[in-house]
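Numbers given in this note's numbering equal positions in the sequence shown, counted from 1, plus 1437.
Ideal Cβ positions, reconstructed from N, Cα and C, are used throughout, including at glycine.
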Amino acid sequence: MKKENNRIKVKDLLVSENLGKEVHVKGWVRTKRGSRKIGFIALNDGSTIHNIQIVVDFPEFDEQTIKLITTGSCLGVKGTLMKSEGHGQNVEIHAGQIEVYGTADPDSYPLQKKGHTLEYLREIAHLRFRTNTFGAVFRVRHTMAYAIHKYFNDNGFYYLHTPIITGSDAEGAGEMFRVSVLDHLDPPKTSEGKVDYEKDFFGKETNLTVSGQLEAELGALALSEVYTFGPTFRAENSNTPRHLAEFWMIEPEMAFYDINDNMDLAEDFLKYIVRYALENSPDDLEFLNNMYDKELLERLKFVVEKEFVRADYTEAIEVLKKADAKFEFPVKWGSDLQAEHERYLVEKHYKRPVILTDYPKEIKAFYMKQNTDGKTIRAMDVLFPRLGEIIGGSQREEDYDKLKRRINELKIPEKELWWYLETRKFGTAPHSGFGLGFERMVQFVTGMSNIRDVIPFPRTPRNAEF
Ligand code: 4AD
Ligand code: MG
C-alpha cells in the first residue's frame, strides 16, 4: 500500500528499530509540557492507545508556531527517532520541522486534560474519538467485526446482504420505523379514508427492517450456510443501557443444523470472537480493564475457557422460583424472562454463560420449530454475565402445514409471507439460526456499561444528533 509522504504510524514507530533515522509522523496533540527551553508533546494518531513523545528544542523554533501547539491541535512532525531516556516509552522523536495543520483554541476546545464523564462525552460524540477510551473501544469494535467475518469465511459461510427496507412486518420482533415518501401532512387517501400506500414509493407500506433472518433463511435453503451482518432498527421506547433504536446484528442461518448444532455453533462463535479480541487488542483491553472494570480480562478469559451451561426454560423457572433474590418482575411459567432473571441465572446460579432452550411458544416468534408437547418451541437464548440475553435464535419450523397453522393462529397476514412459505413447499430442510446483537457483544468485550458508548453515533429515543 502506498504511504502518503512517507508518514509512519505511531503504532509502527513505537516498535521501530530505526534509531537515528529521519521519520515523519502526523497526529493530534494530547498534551504539551515543558520549560521555556525544551518541550514534550504527546502525539496520537489513533493507530494505538499509546502516544509518541515529540521532544522540541524550543529556541530552534519560531515562537508563534510553538504557541499554536496546544491540546487538540493537529501536527505533522519530521524529526529523528531516538532512544528515549524518559519513563514510559522506548523511543521518541527529536523534532526538526513542525507543520501545524489545525489549531484548537484552548479556551473553547471541549476536551481538556482532566478526565471527562462518559455522559459528557456522549454530548460531544463528534470529538470523543480523540479520547483514550473511545479510541480503544472503536479499535476493539473494528477488530471484532473483522473476527466475525473471518470466522464465517473460514467456516464456509457466505455473507448475504439482506434488505434494509422491508415490505413485511411479519417477524414481530419489535415496533418498526416507517419508510415513506408521501406528504405526511396531506397523504393520499383511499375511499375508506385510510392512507393510500398504493401511491407510495414502493406501492405498499414499507419499514426499516428489524432483522434479516427471514431473507437469510431463503439463502440458507440453497447456499447451506449464510450469515448477515447489517443494521437493524427497532422503534421501541426502551431507555436502557442495553437497547438502541439502530443496532447491528449478525445472523447466521444454516441448513441441516438442528438446535444442538445451533448451540454448538453459537458457543464456538462467541468464544472465537472473545479469544480473537484478547489476542489482537491486548493494549486496548488492558487499558479498559484498568480504567473501568478491573475484572474485565478475567471475565473474558473465563468465557473462553468454560463450557456454557445448557438448560431448558422450565428448569430455569424452577431455579428462579427457589432463588433467594428479590425480583422486580414476577417469575411464572409462561412469562418472558427479564434481564434481572437472566443475570441471576448466569451470575448467581450457574456461574457461567447459559444457553436456555424450549421456551413457551406464546412468548417467541411464529417461525420457531414446534415441540411435540404442543406448548414449547425449539428456541435458544444465550445469556451472558452483566448483559443477560446476547443471542436469540432457534431451530426453524420446516413443516409447511405446521408453519401455516401457526401463522394463522397468530393472525399474521399469510399473503405477506407467501415467499417464506414457498420454501417449505419446495425442497424444505431442517435448518436453524440465531442473531447476535453486535453492540451487546462489543459491550461485553470492552466492559462498557452503556450500549451508547460502543457505537459511534447512538440512536435512542429523542437522540439522533450526530
Ligand atoms: O432476540 P432478537 O429479537 O432475535 C431476532 O431478531 C432473530 N431474528 C434472530 C435470529 O434468529 N436470526 O434479537 C437478537 C439479538 C438479541 O439477543 C440482542 O443481543 C440484540 O439482538 N438486540 C438488541 N441490541 C441492541 N438494541 C436492541 N434494541 C436490541 N434488540 C435485540
Ligand atoms: Mg430475543
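Asked, Found
"Taking the C-alpha atoms as reference points, what is the distance between Ser1389 and Gly1830?", "With the chain covering 1438 to 1903 only, the question about residue 1389 has no answer from this structure."
"Check this for me: beta carbons of Val1537 and Ile1561, under 9 Å apart or not?", "no"
"Compute the Euclidean distance between the alpha carbons of Arg1567 and Asp1606, then round it to the nearest angstrom.", "40 Å"
"Could you tell me if the beta carbon of Glu1608 falls within a distance shorter than 8 Å of some heavy atom in ligand 2?", "no"
"In the structure shown, what three-state DSSP assignment does Val1756 receive?", "helix"
"What residue from Leu1512, Met1878, Glu1673, Gln1534 has the CA that sits closest to Glu1826's CA?", "Met1878"
"Taking the C-alpha atoms as reference points, what is the distance between Pro1893 and Phe1670?", "16 Å"
"CB of Asp1818 to nearest heavy atom of ligand 2: below 8 Å?", "yes"
"Got a sec? Which residues, its chain only, sit under 6 Å from Tyr1546 by beta carbon, not counting five neighbours each side?", "Gly1509"
"So, helix, strand or coil for Ala1692, using DSSP?", "strand"
"Quick one: which unbroken alpha helix (DSSP H) runs of 4-plus residues sit fully inside the region 1741–1793? Chain order, please.", "1750–1758, 1776–1780"
"Decide yes or no for the touch test of the region 1804–1818 against the region 1756–1769: beta carbon pairs closer than 8 Å, at least 3 of them.", "no"
"Beta strand (DSSP E) containing Glu1529: first to last residue?", "1528–1539"
"How many Å lie between Val1711 and Val1740 at the Cα?", "8 Å"
"Would you list the residues sitting across from His1461 in a DSSP beta bridge?", "Arg1444, Lys1515"
"On a Cα-Cα basis, can you pick out the residue from Ile1445, Leu1564, Lys1785, Phe1571 that is closest to Ile1888?", "Phe1571"
"Name, in chain order, the residues that DSSP records as bridge partners for Phe1477.", "Arg1470, Val1492"
"How far does the alpha helix (DSSP H) with Asn1590 in it extend, from its first residue to its last?", "1569–1591"
"What residue does the alpha helix (DSSP H) around Met1728 start on, and which one ends it?", "1719–1728"
"Between His1579 and Asp1499, what straight-line distance do the alpha-carbon atoms span, to the nearest angstrom?", "40 Å"
"Measure the alpha-carbon distance for Phe1684 versus Gly1604 and round it to whole angstroms.", "20 Å"
"Taking 8 Å as the cut-off, does the CB of Ser1831 come closer than this to any heavy atom belonging to ligand 1?", "yes"
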